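Visitor: Note that our numbering has the sequence shown beginning at 377, numbered continuously upward. We put the CB at the ideal spot given by N, CA and C, even for glycine. Predicted model, so just to flag it, every value in this text is computed and none were measured. Here it is: the structure, laid out below.
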Amino acid sequence: ETEVGPVTRKLYDELTGIQFGDIEAPEGWIVKVD
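Next comes the structure, spelled out in structure tokens:
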């Protein structure tokens with residue numbers, strides 16, 4: 377099997393959305409590092 381499952385796809389989409397700023401992260405997930 378070579379296809380990504382629906383749960384894996386949703387997790388990937390959510391996490392990359394947070395990384396790129398397309399989706400707002402839950403409170404406390406993003407911390408600015410100086």
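Grab me the residues of Lys394's own chain with a C-beta within less than 6 Å of its C-beta, minus the 5 sequence neighbours each way, in chain order.
Guide: In the sequence under discussion, the amino acid at residue 394 is Ile, which differs from the Lys named in the question. Excluding positions up to five away in sequence, the list reads Ala401.
Visitor: If you follow the alpha helix (DSSP H) that Lys408 is in, where does it begin and where does it stop?
Guide: Neither: Lys408 is in no alpha helix (DSSP H) and is coded neither H nor E.
Visitor: What is the DSSP secondary structure of Asp398, reduced to helix, strand or coil?
Guide: Reduced to three states, the DSSP call for Asp398 is coil.
Visitor: Helix or strand or just coil, what does DSSP make of Thr378?
Guide: Note: Thr378 maps to coil in three-state DSSP.
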